[in-house]
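Here our numbering is used: the first residue of the sequence shown is 8, the next is one more, and so on. Note that CB positions come from ideal geometry on N, CA and C, so glycine has one too.
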Amino acid sequence: MHFLTFLLTLGLAAVAFPVLYLRGVVSLVERCQAFLAPEASTQPRKPLAEGVSVAAGKSGFSVERLPLLLGSGLLLVLEIYIQSAWSAFSVLKVLEYAQQPGATRWVYYASGFLLCEGALGVIARKDPGLSIFRVLRSVIPMGSFAVFALVPSRIDIFYGWLRALASFRLW
């Protein structure tokens, strides 16, 4: 019964996270990029590498483009932080349920990993273009599940606030 509760809890969150991320965070990033680079605001979201190449200019670095470079870097870090928070949340839920008496731990870890990576895969699939920044935005959060599962104390360094949210139970 605990395993079904775990699957339902993390499964619902795995469906909700990509939807909320793609509708909320991605639209916020698009608006910020439109603010930083108004000439590109009429086009759909481009890969961050194109924004950086526009910022650097064809003839090298340009001081006028420095806000775009800094803004694009901050947006990249924000996206990685939010997606890695999902990995941390998933690991916290796995740890919560895997510590139940009589639980088979590897089943919780395997199913938690699949649900976590599936949600991150949906987000990565919707990201346009192919660039090193897209890879970073996808691979770092996916790898953070393994890091947090192997060393759970690392969660508290960046996501100490998440422990209270992850301990909330619907039933």
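Quiz item: Would you report the Cα separation of Val-33 and Leu-122, rounded to the nearest angstrom?
Solution: For the pair Val-33 and Leu-122, the Cα-to-Cα distance works out to about 21 Å.
Self-check item: Residues near Ile-162 in its chain [Cβ-Cβ closer than 6 Å; skip 5 each side]
Solution: Scanning its chain for C-beta atoms nearer than 6 Å, with the 5 sequence neighbours on each side dropped, one finds around Ile-162 the residues Ala-95 and Phe-155, in chain order.
Quiz item: Where do the N-terminal and C-terminal ends of the alpha helix (DSSP H) with Asp-163 fall, by residue?
Solution: Looking at the DSSP string, the run of the alpha helix (DSSP H) that includes Asp-163 is 162-166.
Quiz item: Grouping DSSP H, G and I as helix and E and B as strand, with all else coil, what is Pro-74?
Solution: Secondary structure at Pro-74: helix, using DSSP grouped into helix, strand and coil.
Quiz item: So what does DSSP say about Val-158, is it helix, strand or coil?
Solution: DSSP, reduced to helix, strand and coil, places Val-158 outside both helices and strands of the structure shown, so it counts as coil.
Quiz prompt | Backbone CA spacing between Phe-13 and Val-101 [nearest angstrom] | solution = Approximately 8 Å between the Cα atoms of the pair.
Quiz item: Taking the C-alpha atoms as reference points, what is the distance between Gly-31 and Val-142?
Solution: If I take the Cα positions, the gap works out to 21 Å.
Quiz item: Roughly how far, in whole angstroms, is the beta-carbon of Leu-75 from the beta-carbon of Ala-44, given that I think they are within contact range, below 8 Å?
Solution: That belief holds up - the Cβ atoms of Leu-75 and Ala-44 are roughly 5 Å apart, short of 8 Å.
Self-check item: Contacting residues, own chain, Cβ-Cβ under 8 Å from Arg-170 (five flanking each side not counted)
Solution: Counting only Cβ-Cβ distances below 8 Å, and skipping sequence neighbours, we find Leu-99, Ile-162 and Asp-163.
Quiz prompt | Cβ-Cβ separation, Ser-145 to Ala-131 (assumed contact under 8 Å), whole Å | solution = Indeed, because the Cβ distance is near 4 Å, the residues count as touching under 8 Å.
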